Amino acid sequence: MFEQFQRLNDFELMQIGGTQVTLGSVIGSLLLTLAFMVAAWVAGSALKRLRTRTREGNAALYLTEKLLSYGLVVVGVIAGLSTLGLDLSSLTVFAGAIGIGLGLGLQGIVKEFVSGLVLISDRAVHIGDYIELPDGTRGIVQEIGPRATRIRNNDNVYLLVPNSMLIENTMINWTLRGDTRRIHVPFVVAYGVDKEKVRDAVLAAAREVPFTMPDTENRRTQVWMTGFADSALNFELVVWPALEAVKRPKAMNAAYTWAIDDALRKACIEIPYPQREVRVRGFFGHEGEDALRTLRLESTGEVEAPAETTTTNDAADDLMRPPPEPEPEELEKDPSKSKQRVE
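What follows is the structure, given as structure tokens:
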């Protein structure tokens, strides 16, 4: 029995450069390489689990996870080749051919891989950051892979962005230092309205929005008058929202816009429509006031009654209930949730 096993183990499959490759050496090489790959998977999973439980040192753990995983795989491949009995120094010719391949066909893959390592080590982008791409696409960084960075937008759509694009192009990181940002919400009111009344009404409404940060010496909620339009005065609400609201800009702007509209209606402050002045000199023989009465353009003198109750601000309610993070297993089961970015 032992002799049969030994004979099977010594069975010659091929010769490479004068080196005899046996069935036993091939099996040993595959098992050793597989062991290193399993070790890389276990180490990567453990570091990933540790990274999800801590916020400090997140980038360092992520870099360690990737380098350790890739390093163990490379070492496993080299160890597997050595187990075959191959003299690695004799593979110089193959290494040169691989180098030419990297310079030609694999240039793009190597470029993205190196760009991913630069992103991780440079700490310009962290997992969980909310970024904006040059084309206006925004989303939360979920993972920086060897080829692409996975981003999830607020509609729960996944985008795969090449790593080199994040390095070579201008990118806005809205949450780089874990701090909030000031936003501007424009609105208009009719000419002749008391500016102080507008400011007081809008400030009160903004401070009632649950994710508005309290005023400090350097950060205050303000109302600015920014210009004169054709039929309205231009204003802006300048406010500091909470960090989680910054990650959802459309819902955040919708919440403040809704609150401003409620406040202006409650204070009987007119929000004007676009207006054009038309001078009527005559109409079917009628002139002046007679022409206006014929056209039925007299003012009715009616004023809209103030709103008695505040309406439901759906955007503000939605921001107070952030969507749950999808599990990685769910994404793997339903690949349709991932959207490949076409360059």
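For the sequence shown, the positions run 0 to 342 when numbering that gives the first Met the number 0 is used.
All C-beta atoms, glycine included, are put in the ideal place defined by N, C-alpha and C.
Model, not experiment: these values are computed from the prediction.
Bridge-paired residues (DSSP) for residue i
i    : result
Y129 : I139
W223 : E235
A147 : P161
T256 : None; T256 has no bridge partner.
T376 : Outside the displayed span of the chain (0 to 342) sits residue 376, for which this structure offers no information.
Neighbourhood of residue i by C-beta, 7 Å cutoff - its chain only, sequence neighbours within 5 removed
i    : result
R206 : T220
R151 : G138, I139, Q141 and Y157
D317 : A250
A204 : A258, I259, D261 and A262
R180 : W173 and V245
R198 : V222
K110 : S163
Own chain residues within Cβ distance below 8 Å of residue i, not counting five before or after
i    : result
L118 : V124, I143, T148, N162, L165 and I166
V192 : L232, I268 and E269
P133 : N168, T169 and M170
K47  : E64
Proximal residues to residue i (C-beta, below 6 Å), its chain only, five neighbours per side dropped
i    : result
S28  : G79, T82 and L83
P145 : F112 and G115
A200 : A262 and A266
N153 : R247
F186 : F234 and I259
Beta-carbon proximity check, residue i vs residue j, cutoff 8 Å
i    : j    : result
T32  : G75  : yes
Y255 : V184 : yes
G43  : S24  : no
M224 : K196 : no
I182 : P240 : yes
V72  : M36  : yes
Through-space distance from residue j to residue i, alpha-carbon basis
i    : j    : result
D214 : Q274 : 37 Å
P209 : Y61  : 34 Å
S230 : Y190 : 7 Å
F234 : V222 : 7 Å
T211 : I126 : 25 Å
E243 : L159 : 23 Å
E170 : K246 : Residue identity differs from the one stated: residue 170 is Met in this sequence, not Glu. Each residue's Cα considered, the two are about 15 Å apart.
L49  : I108 : 29 Å
L175 : I26  : 49 Å
A39  : T51  : 18 Å
A228 : D178 : 34 Å
G300 : A253 : Its pLDDT being 48, under 50, G300 is placed unreliably by the model, and nothing is read from it.
K122 : N172 : The sequence given here has Arg at residue 122, not Lys. Using only the alpha carbons, I get a separation of about 11 Å.
L66  : R218 : 41 Å
T21  : G70  : 27 Å
E216 : V188 : 29 Å
A45  : E131 : 31 Å
A34  : T311 : 59 Å
G226 : S120 : 45 Å
Q106 : I99  : 10 Å
What are the uninterrupted segments assigned as alpha helix (DSSP H) that are 4 or more residues long and contained completely in the region 160-209, given in chain order? 162-167 and 194-207
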